[in-house]
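Asker:
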Amino acid sequence: MAQRIRITTPTLMVMQAIAQGYDGDVYGLLISQETGLGTGTVYPILERLEGAGWVEGRWESEQPSGRPRRRFLSLTNLGRTQLETALAARKSRRHMPTWAGGNAGA
Amino acid sequence: MRKLYTAVSKGALVKIAGSSLALRITMLALAGLALYVGIISGHGTPSSWWKLLASVAAGAVGGVVARVASVALLSGRLRRLAKQVALLSTSKPSRQAAVFTSTVGCADFAGRMVVKRHPHLREAWLGDLRRDADDRPPLTTWRALRVALGYLCGAVRIRIQDTVMARSAYRAANYILSSRPRTRAVINVVLGIVMIRVYADQGFDGWLADVVSFSIAWTALDRFAEWLRTKWFPGAVTHQQDTGADKPPA
Chain D
1 MAQRIRITTP TLMVMQAIAQ GYDGDVYGLL ISQETGLGTG TVYPILERLE GAGWVEGRWE
61 SEQPSGRPRR RFLSLTNLGR TQLETALAAR KSRRHMPTWA GGNAGA
Chain S
1001 MRKLYTAVSK GALVKIAGSS LALRITMLAL AGLALYVGII SGHGTPSSWW KLLASVAAGA
1061 VGGVVARVAS VALLSGRLRR LAKQVALLST SKPSRQAAVF TSTVGCADFA GRMVVKRHPH
1121 LREAWLGDLR RDADDRPPLT TWRALRVALG YLCGAVRIRI QDTVMARSAY RAANYILSSR
1181 PRTRAVINVV LGIVMIRVYA DQGFDGWLAD VVSFSIAWTA LDRFAEWLRT KWFPGAVTHQ
1241 QDTGADKPPA
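Those protein sequences? They're chains D and S, same order as listed. Once you know that position 98 of the first sequence is 98 in this note's numbering, the rest is easy, because the numbers rise by one and skip nothing. Once you know that position 100 of the second sequence is 1100 in this note's numbering, the rest is easy, because the numbers rise by one and skip nothing.
1) Under a Cβ-count criterion, where at least 16 other Cβ atoms within 10 Å of its own Cβ denotes burial, should V1061(S) be classed as buried or exposed?
2) Taking contact to mean 3 or more Cβ pairs, one atom from each stretch, closer than 8 angstroms, check whether the stretch 1143–1150 of chain S and the stretch 1097–1109 of chain S are in contact.
3) Compare the Cα-Cα distances from N77(D) to each of G21(D), A89(D) and E56(D) and report the closest residue.
4) State the Cα-Cα distance for the pair A1133(S) and E34(D), rounded to the nearest angstrom.
5) Within the same chain, show all residues whose beta-carbon is closer than 7 angstroms to that of R69(D), passing over the 5 residues directly before and after it, in chain order.
6) Report yes if the CB atom of G38(D) is closer than 8 angstroms to the CB atom of S32(D), and no otherwise.
7) In the DSSP output, what is T72(D) paired with across the bridge?
8) Could you work out which residues of chain D lie near R1130(S), taking near to mean beta carbons separated by less than 7 angstroms?
9) Looking at the C-beta of L1126(S), does it have a partner C-beta in chain D at a distance below 8 angstroms?
10) Count the other CB atoms, across all protein chains shown, that sit within 10 Å of the CB of D1201(S); report buried if there are 16 or more and exposed otherwise.
11) In chain order, what residues of the same chain have a beta carbon less than 7 angstroms from the beta carbon of M1(D), not counting five sequence neighbours either side?
12) Can you list, in chain order, the residues of the stretch 1141–1154 of chain S whose Cβ is nearer than 9 angstroms to any Cβ on chain D?
13) Considering only the beta carbon of each residue, do A1220(S) and L1152(S) sit closer than 8 angstroms?
14) Taking V1211(S) as the reference, which of A1097(S), E1123(S), V1194(S) and F1224(S) has the closest Cα?
15) Taking the C-alpha atoms as reference points, what is the distance between E1226(S) and I1216(S)?
16) Looking at C-alpha atoms only, which residue of G79(D), A86(D) and K91(D) is the closest neighbour of L46(D)?
17) How long is the line joining the alpha carbons of P1119(S) and Y1199(S), rounded to whole angstroms?
18) Is G28(D) close to chain S? Criterion is C-beta to C-beta, closer than 8 angstroms.
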């Protein structure tokens, strides 16, 4: 079931972190450290994105010794499209003229 | 047989320790049993009141002992869990070991809070806490505890998402906030009704005197709605039943 999610700044940061990949598999704690957001913020966002079908998770392929497996995350095609749309919308908003005559994002 | 009995009793005690409701029921049952035994043995004679009091006291002490034993067992279980995720080394000082145990306890508890609809999170959280050392530098003791406390906050937020956000009031608020013209239309309608009411009560002069207040209120509401829309309001999530397909394989 497709769901609508409003893309707030933390949501966008999480999606960008997943899309970036950081030269390997991306998991929740890594996103938290790379974005500077707390784990209490990142995981609820990830659950929302996963519920909406924008992000998919998979378990570590092999059972590591001495610890439980991690859950790796990646953007789905829908998520990638939504991210591109959101980034384009944000970019266009930045270039909207303001009453002062400059750019909103400048 | 003895092993089976030990396993069953330990499991029951751990379950009791994990659930405050079960603990209360157990203590009440013990006190009630003591009361019943006291009444039966005394047959209502004056001397029986001492027996009754002694039985109630014994029941209360039994309940406290059961609680202490169950908490001790739960603590032992958490220590074993900490060793499983290799966070706890026996050679570490006791203070650090206590922090590690608390860390794993927090993560475990947070995972259990959301296990019904998000069964994958518990293992994922514990796995994240102890990632490969060659992948990234391992978390320090206090950093790990901070991360685990974040898991607790996250679990609370996810529970709120699961319950509150599925309600119609939240959906309505979300619908209104999802577009700026819609939000402004609602503010205009609400303030318009108030202005009509003021006009009806106080006449044109009273209405004119309040125009500045209305302008300030409109601006404040608009700014607040905009703040809600962009910063705080986390977005719509339709309640989705977990099919169990995402459970980690055993």
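From the three backbone atoms N, C-alpha and C, an ideal C-beta is built for every residue, glycine too.
Answerer: Judging by the given coordinates:
1) Exposed.
2) yes
3) E56(D)
4) Model confidence at A1133(S) stands at a pLDDT of 49, short of 50, so the residue's coordinates are unreliable; what they give is reported in the following sentence. Straight-line Cα distance between these residues: approximately 17 angstroms.
5) Excluding positions up to five away in sequence, the list reads W59, E60 and Q63.
6) yes
7) Checking the sequence shown, residue 72(D) turns out to be Phe, not Thr. DSSP lists R58(D) as partners of F72(D).
8) R67
9) yes
10) exposed
11) Its pLDDT being 44, under 50, M1(D) is placed unreliably in this model, and the coordinates cannot settle the point.
12) Residues of the stretch 1141–1154 of chain S whose Cβ lies closer than 9 angstroms to any Cβ of chain D, in chain order: R1146, V1147, A1148, L1149, G1150, Y1151, L1152, C1153 and G1154.
13) no
14) V1194(S)
15) Between the alpha carbons of E1226(S) and I1216(S) lies a gap of roughly 15 angstroms.
16) G79(D)
17) 57 angstroms
18) yes
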